[in-house]
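2 protein chains.
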Amino acid sequence: MPAALLSREDAVTRIAEVFREHGFAGASLSAITEATGLGKGSLYNHFPGGKDQMGEEVLAHIDAWFEAQVYAPLRDSADPRVAIAAMFDAVEAYFRSGRRICLVGAFALDATRDRFAAAVQEYFARWIDALAAALEKGGATEPHALAESAVAGIQGALILSRALNDPAVFGRQMQEMRARLNAALA
Amino acid sequence: MPAALLSREDAVTRIAEVFREHGFAGASLSAITEATGLGKGSLYNHFPGGKDQMGEEVLAHIDAWFEAQVYAPLRDSADPRVAIAAMFDAVEAYFRSGRRICLVGAFALDATRDRFAAAVQEYFARWIDALAAALEKGGATEPHALAESAVAGIQGALILSRALNDPAVFGRQMQEMRARLNAALA
DNA sequence: GTCTATAGAGTGATAGAC
DNA sequence: GTCTATCACTCTATAGAC
Numbered sequence: 155m156p157a158a159l160l161s162r163e164d165a166v167t168r169i170a171e172v173f174r175e176h177g178f179a180g181a182s183l184s185a186i187t188e189a190t191g192l193g194k195g196s197l198y199n200h201f202p203g204g205k206d207q208m209g210e211e212v213l214a215h216i217d218a219w220f221e222a223q224v225y226a227p228l229r230d231s232a233d234p235r236v237a238i239a240a241m242f243d244a245v246e247a248y249f250r251s252g253r254r255i256c257l258v259g260a261f262a263l264d265a266t267r268d269r270f271a272a273a274v275q276e277y278f279a280r281w282i283d284a285l286a287a288a289l290e291k292g293g294a295t296e297p298h299a300l301a302e303s304a305v306a307g308i309q310g311a312l313i314l315s316r317a318l319n320d321p322a323v324f325g326r327q328m329q330e331m332r333a334r335l336n337a338a339l340a
Numbered sequence: 155m156p157a158a159l160l161s162r163e164d165a166v167t168r169i170a171e172v173f174r175e176h177g178f179a180g181a182s183l184s185a186i187t188e189a190t191g192l193g194k195g196s197l198y199n200h201f202p203g204g205k206d207q208m209g210e211e212v213l214a215h216i217d218a219w220f221e222a223q224v225y226a227p228l229r230d231s232a233d234p235r236v237a238i239a240a241m242f243d244a245v246e247a248y249f250r251s252g253r254r255i256c257l258v259g260a261f262a263l264d265a266t267r268d269r270f271a272a273a274v275q276e277y278f279a280r281w282i283d284a285l286a287a288a289l290e291k292g293g294a295t296e297p298h299a300l301a302e303s304a305v306a307g308i309q310g311a312l313i314l315s316r317a318l319n320d321p322a323v324f325g326r327q328m329q330e331m332r333a334r335l336n337a338a339l340a
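Top line first, the protein sequences correspond to chains A and B. For the first sequence, the residue numbers in the numbering used here are 155 to 340. For the second sequence, the residue numbers in the numbering used here are 155 to 340.
Here it is as structure tokens:
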């Protein structure tokens, strides 16, 4: 057989970027074909379930990244202050300092959510729970409410940065949020 | 001529709901036909520019509502504390306590933003400016940064409520945001 | 009779599925 | 690449208010 042009992970990563740019509904197979260099035949060979399966795998890929880089460190770290700082470092890098959107948040906003309801719900629930665990370990009062507020603030900052076309907005919000969470720690 | 089945405003309102549900790219003319009860002929009679024109008019309609109900009161009210409380009342009603999304925020996230860049940018810029003006009048320090943070928090709360399928998240965030802004006033 | 809102068959292009 | 369904959109025709 011919060598694969792209590893499955590379394909999923590139498909994710198409979804980021156009949304799930707006991402056409021809755009995906162009971004991956894979013909329709190859795409349906890799993803027999079509766009829906691509969506599932993209979400699973994102979830795995956040689990390893964000949630697990938040839950397991001995020092909550260090863990929370590391979370913001990871998040700022992941979202390219506000130049990249959160695909899960974007999926949540329209009917796409209903196709991927469980993955979307779990992404945010686990993020909030992991952050709340770190905050609680650090002696914060109302850790869950504070974690919810922080995750919402990150999502809102991403919207605002893109709407205003100004990544600096994201940077300012992240700095403020770091300070708020640190202030809540005992 | 035959009587109009729908006023222009009613048509724009119903089209807006289709965009909210499916996103701009995902909103098909057949869905718009179904939601408005207007055939393609009627739709193209009212909106010769097609979906793009519908998008423009929906955004203009939203902008007019926020200008009258939110921005102007924030700028003009004598009592900033009252004005800010009124803003939250209006916002919570508009977003149906978290059951309805912000269409402008949703447009901002994907390539739709580029079609309507000016309208999207101005919606948020004017909201932030109007809120900052009220905060400044109330003696808050760093009113612009605080306003930015509040608007981001509202957008993030809408995403989170929908992602978790729990409108209570939005209610909690709005309550917390009210308290934060009040605390910043002299 | 004129004008405008209606309806919807029909256009080519392109979608996603296979 | 081929398939069928659906896309955004055009065009012709009609109904009805003036």
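Backbone N, C-alpha and C define an ideal beta-carbon position, used for all residues, glycine too. Nothing here was measured: the structure is a model prediction, and the numbers come from that model.
For the alpha helix (DSSP H) that residue i lies in, which residues bound it at each end?
i, result
"B:R253", "Where B:R253 is concerned, there is no enclosing alpha helix (DSSP H), given that its DSSP letter is neither H nor E."
"A:F220", "204 to 220"
"A:S182", "Segment: none, A:S182 is in no alpha helix (DSSP H) and carries neither H nor E."
"B:Y277", "271 to 291"
"B:L352", "An answer regarding residue 352 of chain B cannot be provided, because it is not within the stretch 155 to 340 covered by chain B."
"A:F324", "321 to 338"
"A:A306", "297 to 318"
"B:L160", "Note, B:L160: premise wrong, no alpha helix (DSSP H); not H, not E."
"B:Y198", "194 to 200"
"B:D233", "No alpha helix (DSSP H) contains B:D233, which DSSP labels as neither H nor E."
Given residue i, which residues of its chain have a CB within under 6 Å of its CB, disregarding the five upstream and five downstream residues?
i, result
"B:R229", "A284, A287"
"B:G259", "Q309"
"A:S332", "Before going further, note that residue 332 of chain A is Arg rather than Ser in the sequence given. Here the set comprises F242."
"A:L314", "V323"
"A:A181", "V172, F173"
"B:M208", "I169, F201"
"B:A244", "Q223, V224"
"A:F220", "none"
Contact defined as beta carbons within less than 8 Å: I believe residue i pairs with residue j. What is the distance between those atoms, to the nearest angstrom?
i, j, result
"A:V212", "A:L257", "7 Å"
"B:G204", "B:Y198", "7 Å"
"B:M328", "B:A311", "7 Å"
"B:A185", "B:V172", "5 Å"
"B:A265", "A:E210", "Going by Cβ atoms, the distance from B:A265 to A:E210 rounds to 22 Å, so no, they are not a contact pair."
"B:A237", "B:S231", "4 Å"
Leaving out five residues on either side along the sequence, give the residues of the same chain with a beta carbon under 8 Å from the beta carbon of residue i.
i, result
"A:L160", "R168, T190, G191, L192"
"A:R235", "G292, N336, L339"
"A:T215", "According to the sequence as given, residue 215 of chain A is His; it is not Thr. Answer for A:H215: E163, V166, T167, A170, listed in chain order."
"B:T187", "G193, K194, L197"
"B:S251", "P321, F324, G325"
"A:I206", "The sequence given here places Asp at residue 206 of chain A; Ile does not occur at that position. Correct list, in chain order: R269."
"B:I282", "H298, A301, E302, V305"
"B:A157", "none"
Using a Cβ-Cβ cut-off of 7 Å (strictly less than) and excluding sequence neighbours within five positions of residue i, which residues of its own chain qualify?
i, result
"A:F261", "F178, R267, F270, V274"
"A:E290", "P297"
"B:E246", "M328"
"A:R253", "P321"
Just checking, does the region 314 to 324 of chain A make contact with the region 269 to 287 of chain A on the three C-beta pairs under 8 Å criterion? The answer is no - the region 269 to 287 of chain A does not touch the region 314 to 324 of chain A, with fewer than three Cβ pairs under 8 Å.
Please determine if the region 293 to 300 of chain B and the region 216 to 224 of chain B are in contact, where contact requires at least 3 C-beta pairs separated by less than 8 Å. These segments do not touch.
Evaluate contact between the region 299 to 319 of chain A and the region 322 to 330 of chain B, counting only Cβ atoms and requiring at least three cross-stretch pairs below 8 Å. The count of Cβ pairs closer than 8 Å, one atom from the region 299 to 319 of chain A and one from the region 322 to 330 of chain B, reaches three, so the stretches are in contact.
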